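J.: If you count the sequence shown from 1, you need to add 707 to reach the working numbering.
Even glycine gets a Cβ: it sits at the ideal position worked out from N, Cα and C.
Here the structure is a predicted model, which means the values were calculated and not measured.
I'd like to ask you about the structure that follows.
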Amino acid sequence: MALENLIQRVRAWLPAAQSQLQANVAELEAQLSESDFTSLSPATFADLKTRLETLRSPISYRQTLQTELKEALDQWLKPGTKSNSLVVQCHPVEPIERILREAIVTWIPEYPVSIEVLQESNQRLECSSIQPRLQEQLGSLQTSSFSQKEKDLIIVIPNLSQLFLRCLDGFDAIEYLKDQAFQNPSIFWLIGCNEWLWRYLNRVCDLSAYFGDPISLPFLGGFELKEWLDPVCESINFEFTQQNQQKAQKKFQNNHSSDTNQPRWASELEQKYFDSLANVASGIGQSAARLWLYSLHILQSDENGDDDVDESSQPTKLVTLKAKLPDLPDLTQDQRFLLYSLGLHERMGLSELSISLGDSISQVRNQIQVLLKADVVERNHNLLQVNPAHYSQLQQDLANNYFLVGDSK
């Protein structure tokens, strides 16, 4: 009986052991093969990063926003309806203001409406200036719409973080906006906000009582990421792998070319890469774009085996390695507070960040320097922001330490 039990245990253990062994071998082979690749040059990396940042927002983001806006307006225009707003939330690394603007530009309403967009400030204002500027702009927008009385007015606030600075007087503009939404039920408010800020302000200012629950942008799947990144991908010559590519592609075409209802992938390798990218990036557009860029490498060519060959004369061959998250360094609690504040505001200058933390500029600069070297924080047009590649792990780390950062993936 004991021998039978032992035999059954061995039989149950063997498949798992074999699977683990294969996984270990595959990981070792991947590590060894990576020695054949080098990273992109700083100039190439910067050029591709700029191109990625100028892409239009993903079409599924815009379509989701347009659909939700139509439904919210339909409800608002019904007699007796009290809800006069729609809040669209996204992750702090997504450019919510640009997403809203691009969705509105291509949106064709079914009824006469006047759309007025709050102008953004190129740099964050002093706390005492935020509320007066908002009051002035809203007054101007409402005045300009009086000549179109036959049209319903939609006021768009592209990014709620522009109206807030986490300090003693930093909530005045938020309170003023709540009052305006309450006093003007005949105006529809479309508001963009990142989910960290929404959870924070909802806890402190009870925003959902005035603007309802926010809707979220959708998870981007592999094919949606491919379509979105295509303009940049097609501008460079790269491959998904350098080994057995033709064989894999031929097999994929034979098995899938007749299926017209499925997304059109060029190869099985392409599909596997982008599906994996979507999973690793948690379906977040900006994170996926940065991880795609990190996965691009230059293949070292040694076909001729001649050490005297001039490398500069050889054509550069780009390939994508498997997309993976960079290692997030161990964070101190002070660093977590800094990164949380940076996420709330999305992009900040050093002085504004020091105000939000209540620390001296010197103290904050020291912490930022460490995070810049670790690539967790980066500069963008003289403002500081979280590196999108680290975002998913950072959100998980902050959630594990009881920060209000939304649902971690």
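Where DSSP assigns a beta bridge to GLY899, which residues make up the other side?
T.: DSSP output for GLY899 lists VAL795 as bridge partner(s).
J.: Whose C-beta lies closer than 6 angstroms to the C-beta of ASP859 among residues of the same chain, with five residues either side of it excluded?
T.: Around ASP859: VAL820.
J.: Return the first residue and the last residue of the alpha helix (DSSP H) that SER821 is part of.
T.: No alpha helix (DSSP H) holds SER821; the beta strand (DSSP E) holding it covers 820-824.
J.: Taking C-beta to C-beta, are ALA880 and LEU848 nearer than 8 angstroms?
T.: The answer is no: Cβ separation not under 8 angstroms.
J.: Does THR1027 pass the burial test, meaning 16 or more other C-beta atoms within 10 Å, or should it be called exposed?
T.: It counts as buried.
J.: Considering Cα atoms alone, identify which of SER1099, SER1067, ASP1041 is closest to LEU1078.
T.: Minimum Cα distance to LEU1078 is reached at ASP1041.
J.: Have a look at ALA810 and LEU875 and give me their C-alpha separation to the nearest angstrom.
T.: Taking the straight line joining both Cα atoms gives about 35 angstroms.
J.: If I'm right that LEU759 touches VAL939 with Cβ under 8 angstroms, what's the distance once you round it to whole angstroms?
T.: Their Cβ separation, rounded to whole angstroms, is 6 angstroms, which keeps LEU759 and VAL939 in contact under 8 angstroms.
J.: Cα separation between ILE1075 and SER1061?
T.: Each residue's alpha carbon lies about 11 angstroms from the other.
J.: Hey, is the stretch 1095-1113 in contact with the stretch 1063-1070, meaning 3+ C-beta pairs nearer than 8 angstroms?
T.: Taking 8 angstroms as the limit for Cβ pairs, the verdict is that the stretch 1063-1070 does not touch the stretch 1095-1113.
J.: Which partner residues does VAL1026 have in the DSSP bridge list?
T.: BP columns for VAL1026 point to GLU946, HIS1004.
J.: What's the C-alpha gap between ALA750 and THR850?
T.: Their Cα atoms are separated by approximately 48 angstroms.
J.: So, are the CB atoms of LYS1085 and ASN1094 less than 8 angstroms apart?
T.: Residue identity check: residue 1085 is Glu in the sequence provided, not Lys. Going by C-beta atoms, GLU1085 is nearer than 8 angstroms to ASN1094.
J.: Along the chain, where does the beta strand (DSSP E) containing ASN1087 start, and where does it finish?
T.: It spans 1084-1087 - the beta strand (DSSP E) in which ASN1087 sits, taken as one unbroken run.
J.: Would DSSP call SER983 helix, strand or coil?
T.: The answer is helix: DSSP assigns SER983 an H, G or I state.
J.: To the nearest angstrom, how far is the alpha carbon of LYS1080 from that of ILE862?
T.: The straight-line gap from Cα to Cα measures roughly 41 angstroms.
J.: By how many angstroms is the C-alpha of GLN773 removed from the C-alpha of GLN1021?
T.: Confidence is the limiting factor: at GLN1021 the pLDDT is only 44, short of 50, which leaves the residue's position unreliable, though a coordinate-based value still follows. Cα to Cα, GLN1021 sits roughly 49 angstroms from GLN773.
J.: Going by DSSP, what residues sit across from ASP781 in a beta bridge?
T.: None; ASP781 has no bridge partner.
J.: Rounded to the nearest angstrom, how far is the Cβ of ALA1096 from that of PRO1033, given a contact under 8 angstroms?
T.: The Cβ separation is near 5 angstroms, so the contact holds.
J.: Could you tell me which of ARG769, CYS834, GLU843 sits nearest to PHE926, measuring between CA atoms?
T.: That would be ARG769, whose Cα lies nearest to the Cα of PHE926.
J.: Buried or exposed: SER1099, going by 16 or more other Cβ atoms within 10 Å of its Cβ?
T.: SER1099 should be labelled buried.
J.: Here's the rule I'm using: 16 or more other beta-carbon atoms within 10 Å means buried, otherwise exposed. How should LEU784 be labelled?
T.: Result: exposed.
J.: Relative to the C-alpha of GLU882, which residue among PHE895, LEU1003, SER828, LEU867 is closest?
T.: Nearest C-alpha to GLU882: LEU867.
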